[in-house]
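The structure under discussion appears below in the form of structure tokens.
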Amino acid sequence: MKYLTVAPPPKLAKFVRFFWILEDEVDTEKPYVHRVMADGCAEMIFHYQAPFDEIFATDKTETSFYSGLHGQSQHFRRFIVRQNFGIFGVYLYPFAIPLLFSMPSDELTNEMPDLPTLLGQHGTDLQERMMLAKNNDERVVIISEFLEKQIAKNYHEEPAVFSTISYIIQTKGIANVQQLAEQSCLSTRQFERKFKAFSGFSPKLYSRIIRFQAAMNMYGNPEKSLTEIAYECGYYDQSHFIHDFKEFSGQHPKLFFSGKAEGSEYMEA
Numbered sequence: 496m497k498y499l500t501v502a503p504p505p506k507l508a509k510f511v512r513f514f515w516i517l518e519d520e521v522d523t524e525k526p527y528v529h530r531v532m533a534d535g536c537a538e539m540i541f542h543y544q545a546p547f548d549e550i551f552a553t554d555k556t557e558t559s560f561y562s563g564l565h566g567q568s569q570h571f572r573r574f575i576v577r578q579n580f581g582i583f584g585v586y587l588y589p590f591a592i593p594l595l596f597s598m599p600s601d602e603l604t605n606e607m608p609d610l611p612t613l614l615g616q617h618g619t620d621l622q623e624r625m626m627l628a629k630n631n632d633e634r635v636v637i638i639s640e641f642l643e644k645q646i647a648k649n650y651h652e653e654p655a656v657f658s659t660i661s662y663i664i665q666t667k668g669i670a671n672v673q674q675l676a677e678q679s680c681l682s683t684r685q686f687e688r689k690f691k692a693f694s695g696f697s698p699k700l701y702s703r704i705i706r707f708q709a710a711m712n713m714y715g716n717p718e719k720s721l722t723e724i725a726y727e728c729g730y731y732d733q734s735h736f737i738h739d740f741k742e743f744s745g746q747h748p749k750l751f752f753s754g755k756a757e758g759s760e761y762m763e764a
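For what it's worth, the numbering used here labels the leading residue of the sequence shown as 496, then goes sequentially.
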């Protein structure tokens with residue numbers, strides 16, 4: 496399995512955390528199951544080699560899109576593929592959504608629409624160009640040009656809440672939300688309304704999701720116990736940590752950090 500990340504151009508760094516590529520050769524007798532965890536950021540996804548099927552709670556499967564958006568989410572999803580695959584992803588700060596798709600971020604929370612639905616003919620054209628690109632270097636150029644044009648077309652003065660969302664991500668969900676609200680010079684009610692419009696969640700839930708992501712990203716550090724991970728990521732106690740981890744991933748953290756959890760192979764790549 497091959498997994499790598501690519502830094503965005505400087506003009507996009509405020510809106511794109513990074514680009515990523517995931518590729519693998521799959522044995523037809525042993526399909527690959529991928530698990531997408533709860534995340535405070537959104538992702539544009541391009542399946543340039545074989546789409547995945549989404550697995551629902553009833554074990555029913557349905558073919559997913561070739562290109563689309565995984566909105567910021569508080570839920571996990573499971574996908575399966577039975578052939579060689581290649582995925583190109585754009586990991587977006589949630590406040591990039593209004594600039595790219597002309598709608599509030601919270602309208603796409605927990606949603607997974609395809610690009611032609613979101614962007615019409617522009618989405619169809621972008622999907623075709625990304626699919627037909629010769630390699631991932633070319634895909635980086637194509638998507639960067641598209642994103643820069645969309646953002647320039649819709650860009651307005653940045654609301655203060657943009658920096659607040661970025662700060663919560665940078666501090667891994669441990670920032671004091673009440674203090675951030677006071678610093679924004681908005682009433683608590685105004686702050687929470689604007690925060691949800693640009694992040695997709697209330698400040699409290701968003702911080703919980705980011706804290707979970709910070710804990711998940713400590714995967715691969717065998718020297719840390721679950722208790723140490725919990726406290727380092729700002730959880731009051733281990734039971735609180737286990738509760739949030741199971742809610743946002745569908746897995747017990749002990750299983751996840753064991754290296755044997757479903758869909759964790761890319762973290763070893």
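All C-beta atoms in this analysis are idealised placements derived from N, C-alpha and C, irrespective of residue type, glycine included. The structure displayed is predicted, hence computed values, not measured ones.
Only counting the same chain, and skipping five residues up and downstream in sequence, which positions put a Cβ closer than 7 angstroms to that of E687? S697, P698
R573 versus F547 - alpha carbon distance: 10 angstroms
Is the beta carbon of T457 less than 8 angstroms from the beta carbon of G535? A query on residue 457 cannot be resolved here, the shown segment of the chain reaching from 496 to 764 and no further.
For a test of the three-state rule: what should DSSP assign to V521, helix, strand or coil? coil
Just tell me which of N579, E606, R684, Q708 has its CA closest to the CA of P526. N579
Rounded C-alpha distance that separates F571 from M607: 12 angstroms
Inter-residue spacing [alpha-carbon to alpha-carbon] between H651 and A591: 12 angstroms
Unbroken stretches of the alpha helix (DSSP H), 4 residues or longer, contained in the stretch 582-629: 592-596, 610-614, 616-627
Taking the straight line between their C-alpha atoms, what separation do you get for I737 and V672? 22 angstroms
If you run the structure through DSSP and keep just helix, strand and coil, what is K497? Of the three classes helix, strand and coil, the one that applies to K497 here is strand, per DSSP.
Stretch-stretch touch, CB-based, cutoff 8 angstroms, three pairs: the stretch 555-572 with the stretch 609-617: yes
Taking the alpha helix (DSSP H) that M539 belongs to, which residues open and close that run? Looking at the DSSP string, M539 is not in any alpha helix (DSSP H); the run it does join, the beta strand (DSSP E), is 537-544.
For S568, does the three-state DSSP call read helix, strand or coil? The answer is strand: DSSP assigns S568 an E or B state.
Taking the alpha-carbon of I660 as reference, which of I638, A676, I646, K648 has the nearest alpha-carbon? Of I638, A676, I646, K648, the residue nearest in Cα terms is A676.
I'd like to know whether the C-beta atoms of Q569 and I663 end up nearer to each other than 8 angstroms. no
At which residues does the alpha helix (DSSP H) containing Y701 begin and terminate? 698-711
In whole angstroms, what separates the C-alpha of C680 from that of F513? 31 angstroms
With 16 other Cβ atoms within 10 Å as the buried cut-off, status of G754: Counting C-beta atoms within 10 angstroms of its own C-beta, G754 has fewer than 16 neighbours from the protein chains shown and is therefore classed as exposed.
Residue environment, L507, which counts as buried when at least 16 other CB atoms sit within 10 Å: buried
Comparing C-alpha positions only, which one of Y730, F751, L595 sits nearest to E643? L595
So what does G563 bridge to, in DSSP terms? I540, D609
How close, in whole Å, do the beta carbons of F583 and M532 come, if the pair is a contact with beta carbons under 8 angstroms? Going by Cβ atoms, the distance from F583 to M532 rounds to 19 angstroms, so no, they are not a contact pair.
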